[in-house]
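Everything on this sheet refers to the single structure shown next.
There are 2 protein chains.
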Amino acid sequence: MPLDDLDPVIHAVARLRIMVVLNALTPGDEISFPRLGEVTDLTAGNLLTHLRRLAEAGYVAVEKSGQGSMSRTLVAATDEGRRALAHYRATLDRLLATPEPSP
Amino acid sequence: MPLDDLDPVIHAVARLRIMVVLNALTPGDEISFPRLGEVTDLTAGNLLTHLRRLAEAGYVAVEKSGQGSMSRTLVAATDEGRRALAHYRATLDRLLATPEPSP
DNA sequence: CCTTTTAAGTTTGTGTCACAAACTATACCC
DNA sequence: GGGTATAGTTTGTGACACAAACTTAAAAGG
Chain A
1 MPLDDLDPVI HAVARLRIMV VLNALTPGDE ISFPRLGEVT DLTAGNLLTH
51 LRRLAEAGYV AVEKSGQGSM SRTLVAATDE GRRALAHYRA TLDRLLATPE
101 PSP
Chain B
1001 MPLDDLDPVI HAVARLRIMV VLNALTPGDE ISFPRLGEVT DLTAGNLLTH
1051 LRRLAEAGYV AVEKSGQGSM SRTLVAATDE GRRALAHYRA TLDRLLATPE
1101 PSP
C-alpha cells in the first residue's frame, strides 16, 4: 500500500500552475496559448511540452486553428483534469496533515 | 515577481514525505535511518541521497556513530526545516486556493 | 511588391535528478 | 571461520525540465 498517490503529472510545479489557472476558468471558457504563457510565466517551449503531457493524461483540451502567425491555440481543463486537481489537493492535504505516530 | 516560491528541495515527493515524518516527531526526538526508510517507503540508497540534499539545505540534522553493521544514524528535522515545511505548506495552500481573476 | 518585423508554435540539446541495483563494512550465528 | 543479516554508500541509467534555436506565416512599411 503506497503511502500517498501524488499524481506525478500534476506534481511538477509548471504543470501545477497551469492546472490551477485552467481550473479557475469558468467551465466552458478557454485561454489562449500566449496568455497562458504569460500567466504561468513559462516560455513557449516549456508551455508546449507541459501542455502535451497534460493533454496525454486527458487533463486538458487543446484546440488549434490557423497556421504560422495566424495560429490560434485555445486551452481548457477537462472535467477529468479538474477532478485530478481536486484529488491532488486532497491527497496533499492528507499527506501534510498526517501526524505520524512515533515508532 | 514570481507567482510562487515552492521550495524545490521540499517539493520532491520523497523529500516531502521525509520532512512530514520528521516534522511529526516531537522536537528533540530522532528517528533511525532504517526506520525512516520503512516509514517513507524509500530504499536505503534513495533515503541517503535525499537526506544529503536536505542536510545541505539545513533542513535536517544527521548524527552518525559506529561502523559497519553497528552504525547508527539518527535523523531529526531542524528548526529551519520545520519552518521551511510550514512555508511550503502555506505557499501551496495559497497557490491552490487562488481563484485567478480572468483577464 | 519585396523586405523586415512580429507573433505563434515547434524542435532540439543539455544539465539535473530520482531511482534502484550493486557494493562495502561489520557484527551475529552455527 | 564461512555464511547470513544489517547498515550505509557508490554508481549507472533513464526521465525530465528548461531555454535556446528554428519554422511558418501574417502585417507593416517603404
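Heads up: the sequence lines are chains A and B, in that order. Our numbering applies: residue 1 is where the first sequence begins, and numbers increase by one. Our numbering applies: residue 1001 is where the second sequence begins, and numbers increase by one. Cβ coordinates follow ideal geometry from the N, Cα and C atoms, glycine included.
- By the neighbour-count definition (other C-beta atoms within 10 Å, threshold 16), Arg1072/B is an exposed residue.
- With 16 or more other Cβ atoms from the protein chains shown falling within 10 Å of its own Cβ, Met1019/B counts as buried.
- The DSSP-derived three-state label of Leu42/A is coil.
- Straight across, the Cα-Cα distance linking Arg1035/B with Val1021/B is about 11 Å.
- Nearest in C-alpha terms to Tyr1059/B, of all of Phe1033/B, Val1009/B, Leu1025/B, is Val1009/B.
- With respect to chain A, the C-beta atom of Asp1004/B has a partner C-beta closer than 9 Å.
- Relative to the Cα of Val1075/B, the nearest Cα in the group Ala1012/B, His1087/B, Arg1083/B, Asn1023/B belongs to Asn1023/B.
- Contacts with chain B at 9 Å (Cβ-Cβ) include Pro8/A.
- Secondary structure at Ser71/A: coil, using DSSP grouped into helix, strand and coil.
- With contacts defined as CB atoms closer than 9 Å, Thr40/A and Leu48/A fail to qualify as a contacting pair.
- The continuous beta strand (DSSP E) containing Ala1061/B extends over residues 1060-1065.
- Counting the other Cβ atoms within 10 Å of the Cβ of Gly1066/B gives fewer than 16, which makes it exposed.
- For Ala1090/B, the secondary structure class from DSSP, reduced to helix, strand or coil, is helix.
- Against Val1013/B, the close residues of chain A are Leu6, His11, in the order they occur along the chain (beta-carbon pairs closer than 7 Å).
- Within chain B, the residues placing a beta-carbon under 8 Å from that of Arg89/A are Leu1096, ordered along the chain.
- Taking a beta-carbon distance threshold of 9 Å, Val20/A counts as an interface residue toward chain B.
- The alpha-carbon of Ile1031/B is positioned some 24 Å away from that of Leu6/A.
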